[in-house]
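In this text, residue positions in the sequence shown follow the UniProt record's numbering: the first is 1, and each later residue adds one. Backbone N, C-alpha and C define an ideal beta-carbon position, used for all residues, glycine too. If you're wondering where the values come from, they're calculated on a predicted model, not measured in any experiment. These notes are about the structure you will find just below.
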Amino acid sequence: MKMEQGMQLIDGNGKFNVDGLKDFMTATEFAQSGLSYAIVAIIGSQSSGKSTLMNQTFHTNFEEMDAYNGRSQTTKGIWIAKCSDIDPFTIAMDFEGTDSNQRGEDDTAFEKQSTLFALAIADVVLINMWYKDIGLEHAASRPLLKTVFQVMKRLFKPRKKTLLFVVRDHSKTPLEYLKTALLEDIEKIWAAVAEPETLCSAPLIEFFNVEITALPHYEFQEEKFKEQVAQLRQRFVHSIYPGGLVGDRQEVEPASVFPLRAEEIWKIIKDNKDLDLPAVKVMVASVRCEEIAGEKLKCFTSDEDWLEMKEAVQAGPVSGFGAAVSSILETYLSEYDREVVYFDQEVRNEKRRQLLSNALMVVRDAYDTMLMHLYSNTVKSFKTSLEQSQDVAAIHLCSQSCMSMFDQGCEDAAIQQSEWNASKFREKLICDMLSEMMAKYKKQITHALAKRVESLLEAGERDTWASIGNLFECNTEAAVSDFSDAVASFDLRSSAIDTKLQHLREHARNLVEMKAREVADAGRVLRRMKDRFSQVLSDYESSLSWYSWTGEINLDEVERKTLSESLRILSIMAAIRFDGMPDRIEKVLYSSLMDRTVPDPSLQNTFMGAKLDPLASDTWEEVSPEAITLLKPEDCKSLWMNFIEKIKPMMTGARSRQDGRRKAREGLAAAVAEIGAVGSAAVLTLLGV
Numbered sequence: 001m002k003m004e005q006g007m008q009l010i011d012g013n014g015k016f017n018v019d020g021l022k023d024f025m026t027a028t029e030f031a032q033s034g035l036s037y038a039i040v041a042i043i044g045s046q047s048s049g050k051s052t053l054m055n056q057t058f059h060t061n062f063e064e065m066d067a068y069n070g071r072s073q074t075t076k077g078i079w080i081a082k083c084s085d086i087d088p089f090t091i092a093m094d095f096e097g098t099d100s101n102q103r104g105e106d107d108t109a110f111e112k113q114s115t116l117f118a119l120a121i122a123d124v125v126l127i128n129m130w131y132k133d134i135g136l137e138h139a140a141s142r143p144l145l146k147t148v149f150q151v152m153k154r155l156f157k158p159r160k161k162t163l164l165f166v167v168r169d170h171s172k173t174p175l176e177y178l179k180t181a182l183l184e185d186i187e188k189i190w191a192a193v194a195e196p197e198t199l200c201s202a203p204l205i206e207f208f209n210v211e212i213t214a215l216p217h218y219e220f221q222e223e224k225f226k227e228q229v230a231q232l233r234q235r236f237v238h239s240i241y242p243g244g245l246v247g248d249r250q251e252v253e254p255a256s257v258f259p260l261r262a263e264e265i266w267k268i269i270k271d272n273k274d275l276d277l278p279a280v281k282v283m284v285a286s287v288r289c290e291e292i293a294g295e296k297l298k299c300f301t302s303d304e305d306w307l308e309m310k311e312a313v314q315a316g317p318v319s320g321f322g323a324a325v326s327s328i329l330e331t332y333l334s335e336y337d338r339e340v341v342y343f344d345q346e347v348r349n350e351k352r353r354q355l356l357s358n359a360l361m362v363v364r365d366a367y368d369t370m371l372m373h374l375y376s377n378t379v380k381s382f383k384t385s386l387e388q389s390q391d392v393a394a395i396h397l398c399s400q401s402c403m404s405m406f407d408q409g410c411e412d413a414a415i416q417q418s419e420w421n422a423s424k425f426r427e428k429l430i431c432d433m434l435s436e437m438m439a440k441y442k443k444q445i446t447h448a449l450a451k452r453v454e455s456l457l458e459a460g461e462r463d464t465w466a467s468i469g470n471l472f473e474c475n476t477e478a479a480v481s482d483f484s485d486a487v488a489s490f491d492l493r494s495s496a497i498d499t500k501l502q503h504l505r506e507h508a509r510n511l512v513e514m515k516a517r518e519v520a521d522a523g524r525v526l527r528r529m530k531d532r533f534s535q536v537l538s539d540y541e542s543s544l545s546w547y548s549w550t551g552e553i554n555l556d557e558v559e560r561k562t563l564s565e566s567l568r569i570l571s572i573m574a575a576i577r578f579d580g581m582p583d584r585i586e587k588v589l590y591s592s593l594m595d596r597t598v599p600d601p602s603l604q605n606t607f608m609g610a611k612l613d614p615l616a617s618d619t620w621e622e623v624s625p626e627a628i629t630l631l632k633p634e635d636c637k638s639l640w641m642n643f644i645e646k647i648k649p650m651m652t653g654a655r656s657r658q659d660g661r662r663k664a665r666e667g668l669a670a671a672v673a674e675i676g677a678v679g680s681a682a683v684l685t686l687l688g689v
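Given below as structure tokens:
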């Protein structure tokens, strides 16, 4: 018969043997038992044969008293051992005896502490008592029973714990009589123990399954003793099954937490604090569930499949990413669930949420990287398709296709255990796609307006701004309409669409303004005015017969007409008029610069001079509110004065040419007179005049 060696769990001074229990758990593989285990403790008077009973019943090897050395304390503290060859896995606990002379005054304190520990930790508590004590008022076992019942009533809620009374040295008295007498004693002691306020005279049977057995004298009837001990041993086989010796197991905890639970319970008892077993249960569950969660998180982070997936997604999108990662996560979550199934539900659920949260924190970077790849690839694909799209229908189809591709990719990347969604990436994608579409239509507007606006401004025709306004309105609204139709595939608020459309219109206006400001550069305007003057003057000279340039033609009138053409350029470039409505800019310029209505120079720096000179200002009056000043009135005046100085040589040349032609005509007329009337016609014909 194999005898299991005992290990001292708590020494005589009350020190808990943490390392020894750890070694015991490893050596016996107790932790692997799950819920399939039972704990049996024995309490009773000193030298009452508790260790002997445990060794005989459970095949343990607790130290026993040597009868030849007299009655003395053998077991000090609390010892545990594995019961040999009993199913389920059973732990035997041998407690130091009560009423020990060796402890003296300290006896009562340790007696209560050890009794409380036995009741808190064990499924079955054996109470070893003498046959002769039954019915005696001052029997040695009565203080022990009183302590047991006080502890149960004060600290424990009603729960079926098995108390197995083992009556030692039984003789001829019938067992049934002993049972009746003992039960009467037990009921009296129970009734005598004061009731807590929270418990209204709960009966004994709500707390205990009371079992009674008797054994003959070990020394005088050894064979019969061993025979009945063997029968007692059988009662512990399948003890946790329905109908077995173990009572209520609704709050049983996994064997793996036994060290933590035992240490915490003893610490509370030793510190003389009220023992709150539900709180201990929650604490033990919290610690153990957290340990298991930590183990599963570590396993997940080092999982080869996860590490391969994490590395692969750095290079690009991975097909089946979400399903693969979800499966790996579920593996470790399921393992956690299986290992914590018997712990407090609220605690295990909370630790599961923490485990999942921590695991998802590990996954998040890879998930975001996956979505970033999907986003980048979709934007790239959209750009390519958008460049090739020639009409609104093609753009609409392109948008739908790209969004569908992105949504499918996000669905494939979804982590089942998370509440994540791709909304932020989707919003960014839509924003960027809209930006690309805006860029396309801005480019379209630029292509339609830029050169044509510049050409119209360079031409300087009287209806320049009306033409620019029509060009602006037609092309801008066409782009706005196309853009509005193109973005219909996006589920956008009308206000968001209106904002985009307004940006397109602003782009068109800004483009026209930019081009106008380029053309309105003072040096450029001056050059164009000179070129216009030169061209118009040249056209006048070319259109008239050389002999018409006589004193009969007023060159001042020609100059005035030529200046008017140049002045129109200045008028056009003075301000942007999108609406093309008529204004007084040209009239003010004409009257002030052509009609010389500028007041006396001596008044120009006075209030009266400023009031009389309409060009002595930095704003134009009586123009449309939408008009944008390009050249202020005073700038126009300065430009004009500069222009006049620049064209003086042109007019001087024109007058010189006129004088030359006049002299030539006079000389030719004299020659004609000499030749005669007949010859003059021929000469004139010959000269082509």
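In the DSSP annotation of this structure, the continuous segment of the beta strand (DSSP E) that includes Val-210 starts and ends at 208-214.
When DSSP states are grouped into helix, strand and coil, Ala-575 belongs to the strand group. Its Cα nearest to that of Ser-467, the residue Arg-577 stands out among Glu-621, Arg-577, Gly-653, Pro-278.
In the three-state DSSP reduction, Trp-420 falls in the coil class, being neither helix nor strand. Between the alpha carbons of Cys-410 and Asp-344 lies a distance of about 37 Å.
Beta-carbon to beta-carbon, Val-193 and Phe-149 are separated by about 5 Å, close enough to satisfy the 8 Å threshold. Looking from the CA of Glu-29, the closest CA among Leu-145, Phe-208, Ala-255, Ala-202 belongs to Ala-255. Judged by their CB atoms, Met-573 and Val-536 are not nearer to each other than the 8 Å cut-off. In this structure, Ala-575 keeps its C-beta atom at 8 Å or more from the C-beta atom of Leu-501. Within the same chain, Cβ atoms closer than 8 Å to the Cβ of Arg-288 are found at Pro-254, Ser-256, Val-257, Leu-260, Val-340, Phe-343, the five residues on either side in sequence being excluded. Contact check for Phe-490 against Ile-569 fails: the beta carbons are separated by 8 Å or more.
For the pair Glu-436 and Lys-515, the CB atoms are not nearer than the 8 Å cut-off. Secondary structure of Ser-624 (DSSP, three-state): coil. For the set Ala-41, Trp-306, Arg-364, Lys-298, the Cα lying nearest the Cα of Tyr-336 is the one of Lys-298. Rounded to whole angstroms, the gap between the alpha carbons of Ala-312 and Met-361 is 18 Å. Secondary structure remark: continuous alpha helix (DSSP H) runs of at least 4 residues inside the segment 240-279, in chain order: 258-270.
Boundaries of the alpha helix (DSSP H) harbouring Thr-28: 18-28, taken from the DSSP string. Residue state for Ile-86 is assigned as coil, using DSSP reduced to three classes.
Between Tyr-441 and Leu-504 a beta carbon distance of about 6 Å is seen, short of the 8 Å cut, so the two are scored as contacting. Here the alpha carbons of Trp-640 and Glu-518 stand approximately 19 Å from one another.
Selection Thr-98, Ala-486, Ala-459, Arg-452 evaluated against Asn-470 yields Arg-452 as nearest (Cα-Cα).
The beta-carbon separation of Ile-205 and Val-167, rounded to 20 Å, does not stay under the 8 Å limit for a contact. Here Glu-63 is actually not in contact with Ile-78; their C-beta atoms are around 13 Å apart, not less than 8 Å.
In the displayed model, Gly-653 falls within a helix according to three-state DSSP. A straight line joining the alpha-carbon of His-238 with that of Val-246 spans about 9 Å. Rounded to whole angstroms, the separation of the alpha carbons of Leu-116 and Ala-41 is 11 Å.
Taking all protein chains shown into account, Gly-523 has fewer than 16 neighbouring C-beta atoms within 10 Å of its C-beta and is therefore exposed.
For Gln-231, the enclosing alpha helix (DSSP H) starts and ends at 222-234. Shown here, Ile-43 sits in a strand according to DSSP, grouped into three states. In this structure, the CA atom of Ile-269 is about 24 Å from the CA atom of Ala-31. Residue environment for Glu-264: buried (at least 16 other C-beta atoms within 10 angstroms of its C-beta). Inside the segment 321-346, DSSP marks whole alpha helix (DSSP H) runs of 4 or more residues at positions 321-340, from first to last along the chain.
According to the DSSP assignment, Met-309 belongs to the alpha helix (DSSP H) that extends over 304-315.
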